[in-house]
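**Student:** The structure under discussion is supplied below as structure tokens; questions concerning it will follow.
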Amino acid sequence: MELIQIGTNTYYLKNNTNIGIYKINESEVYLIDTGNDSDAGKKILKAISNQNWTIKGIINTHSHADHIGGNKIIQDRNKTDIYANNLEGAIINNPILSPSQFYGAYPFKEFQNKIFMAEKSTVTKSVADLPKCLEYFKLPGHSLDMIGIKTPDDIYFLGDSLISSLTINKYHLFYIYNVEEYLNTLDYLSTLKGKLFIPSHTEPLQDITDLINLNRNKIKEICNTILQICTTKQNYENILKEIFNYYHLHFNLTQYLIIGSTLKAYLSYLYTNNKLKIILEDNQLLWEKNTP
Ligand SMILES: [Zn+2]
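Here is the structure:
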């Protein structure tokens, strides 16, 4: 993990999931997220001790396992405080809730893996208890209660509120819990003014306008694709199959859970906005495009 300084006291560790660092005094730092797993946690501990810093607290933007995977090893070694927002905190404290939320019931064993379920760590503080210099702001949509952090160096850590162009162009669909809130969060992001913006899974950006538009346009495209599929009434499994075919996605259990859960979010959004109707027929729930 390469340590990169991006402000007077703001740094990040370049990683699959970027790790934000804010140095609050000569020797203590706050981390923003902790990566995929205990290996990431060990690398973070090493990078921090190489600088003779100590970890004062961990701030989790949200509870997805690739953002909290290093929590446990860091907390076990240093009794570190962990800050998280409401429902994200509930999942961090009870990791089984993560695959349960994706699946909608008790998840079978293939879903109780480290992609969906981090080792248990314990949230000890609310985000309201953060030091005043670290501003948090809400970024709902990608997950239940995600937050971002602004440091006094005018640098914004954005969690997964903006998906990278690489991911969008390759996979098209990216995980969303609530489409309406995701779109509202994109509108909010477009109002932010800052020196640098750090999405969790791509390079830092000085200007996020293009990436906001790419995210928004892809969501609109996916909505239209679903509506096209639902020109005739379809059940959920059929729509999912057509989506995988249309975007040439690789179907496996992990993708079934991530894309399947995301499809449910889209169906919910399109139904709520009167674009789709529900038909209960022949013991099936069918979705059909509403004709104006
Ligand atoms: Zn996430």
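By this note's numbering, the letter at position 37 of the sequence shown is numbered 45, and the numbering carries on one by one without gaps.
Note that the Cβ used here is the ideal one computed from N, Cα and C, for glycine as well.
Given the structure is predicted, the values throughout are model-derived calculations rather than measurements.
Over what stretch of residues does the alpha helix (DSSP H) that includes glutamine 83 continue unbroken?
**Tutor:** Here residue 83 refers to the residue found at position 75 of the sequence shown. Where glutamine 83 is concerned, the enclosing alpha helix (DSSP H) stretches over 79-86.
**Student:** Between the alpha carbons of leucine 194 and serine 169, how many angstroms are there, rounded?
**Tutor:** In the sequence shown, residue 194 corresponds to position 186, counting from 1. In the sequence shown, residue 169 corresponds to position 161, counting from 1. Cα to Cα, the separation comes out at about 8 Å.
**Student:** What number of angstroms, rounded off, separates the C-alpha of asparagine 298 from the C-alpha of phenylalanine 252?
**Tutor:** In the sequence shown, the residue the question calls residue 298 occupies position 290. In the sequence shown, the residue the question calls residue 252 occupies position 244. Spanning the two alpha carbons is a distance of roughly 23 Å.
**Student:** Please list, following the chain, all residues that have a C-beta closer than 5 Å to any non-hydrogen atom of ligand 1.
**Tutor:** His72, Asp168
**Student:** Are there 16 or more other CB atoms within 10 angstroms of the CB of alanine 136, so buried, or fewer, so exposed?
**Tutor:** What you label residue 136 is simply residue 128 of the sequence shown in a count that begins at 1. Classification of alanine 136: exposed, given that the 10 Å Cβ count is below 16.
**Student:** Run the CB neighbour count on cysteine 141, radius 10 Å, all protein chains shown included, and call it buried at 16 or more, exposed below.
**Tutor:** Position 133 of the sequence shown, counted from the start, is the residue given in the question as residue 141. Within 10 angstroms of the beta-carbon of cysteine 141 lie fewer than 16 other beta-carbons, which makes it exposed.
**Student:** Please report the distance separating the alpha-carbon of glycine 15 from that of lysine 87.
**Tutor:** Translated into the one-based positions of the sequence shown, residue 15 becomes position 7. Translated into the one-based positions of the sequence shown, residue 87 becomes position 79. Cα-Cα distance, rounded: 28 Å.
**Student:** I'd like the list of long-range same chain contacts for proline 160, defined as Cβ closer than 6 Å, with 5 residues on each side in sequence excluded.
**Tutor:** As a first step, residue 160 must be located in the sequence shown, where it is residue number 152. Excluding residues within five positions, the ones whose Cβ falls inside 6 Å are Cys141.
**Student:** Alpha carbon to alpha carbon, what distance is there between glycine 43 and asparagine 26?
**Tutor:** Taking the first residue of the sequence shown as position 1, residue 26 is located at position 18. Taking the first residue of the sequence shown as position 1, residue 43 is located at position 35. Using only the alpha carbons, I get a separation of about 7 Å.
**Student:** Roughly how many whole angstroms lie between the Cα atoms of alanine 48 and glycine 167?
**Tutor:** What you label residue 48 is simply residue 40 of the sequence shown in a count that begins at 1. What you label residue 167 is simply residue 159 of the sequence shown in a count that begins at 1. Going from the Cα of alanine 48 to the Cα of glycine 167 covers about 17 Å.
**Student:** Along the beta strand (DSSP E) that carries leucine 174, what are the first and last residues, could you check?
**Tutor:** The residue labelled residue 174 in the question sits at position 166 within the sequence shown. Counting along the chain, leucine 174 falls outside any beta strand (DSSP E), though it belongs to the alpha helix (DSSP H) covering 173-179.
**Student:** Could you have a look at serine 134 and say whether DSSP puts it in helix, strand or coil?
**Tutor:** The residue given as residue 134 occupies position 126 in the sequence shown. Serine 134 falls in the strand class under three-state DSSP.
**Student:** Please say whether isoleucine 163 and lysine 201 have beta carbons closer to each other than 7 Å?
**Tutor:** Along the sequence shown, one-based indexing puts residue 201 at 193. Along the sequence shown, one-based indexing puts residue 163 at 155. Not a contact, by the Cβ cut-off of 7 Å.
**Student:** Please list the terminal residues of the continuous alpha helix (DSSP H) segment that includes isoleucine 52.
**Tutor:** Taking the sequence shown and counting its residues from 1, the one referred to as residue 52 is at position 44. Start and end: 46-58.
**Student:** Specify, as a first and last residue, the run of the beta strand (DSSP E) that lysine 228 falls within.
**Tutor:** Locating residue 228 in the sequence shown gives position 220, counting from the first residue. Not the beta strand (DSSP E): lysine 228 falls in the alpha helix (DSSP H), residues 217-237.
**Student:** Say yes only if the C-beta of glycine 202 is nearer than 6 Å to one or more non-hydrogen atoms of ligand 3, and no if none qualify.
**Tutor:** Ligand 3 is not part of the structure shown, which contains ligand 1 as its ligands.
**Student:** Straight-line CA distance for threonine 270 to asparagine 60?
**Tutor:** The count along the sequence shown starts at 1 and reaches residue 270 at position 262. The count along the sequence shown starts at 1 and reaches residue 60 at position 52. Each residue's Cα considered, the two are about 42 Å apart.
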